[in-house]
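Residue numbers (my numbering): 29 to 121. Structure first, then comments.
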């Protein structure tokens, strides 16, 4: 089983960055999910998709995965590029 360690993106619904500071450890789905023809529910043969580990730092997540001897890959977050503007730029066309 392989896992990925990443920092989630900021929510598009609010301007704050509350939940974007934590690091997540999630399994990479390798199996195909099936749809029940009777109920329409989606199911999988294993329960690994229910794993969700949250950590304060990237190093904590890496150490945890190494202690469990899990294979993992780390996805570095993309930096936010903010172009500096002056207040008068709001009124120019």
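The C-beta atom is built at its ideal place from N, Cα and C for all residues, glycine as well. In this text, all values refer to a predicted model and were calculated from it rather than measured experimentally.
{"Query": "How long is the line joining the alpha carbons of residue 99 and residue 93, rounded to whole angstroms?", "Result": "7 Å"}
{"Query": "Look up residue 79 in the DSSP assignment and say whether it is helix, strand or coil.", "Result": "coil"}
{"Query": "In this structure, does DSSP put residue 92 in helix, strand or coil?", "Result": "helix"}
{"Query": "Smallest Cα separation from residue 101: which of 113, 87, 75 and 111?", "Result": "87"}
{"Query": "Which stretch, first to last residue, makes up the beta strand (DSSP E) that contains residue 55?", "Result": "51-55"}
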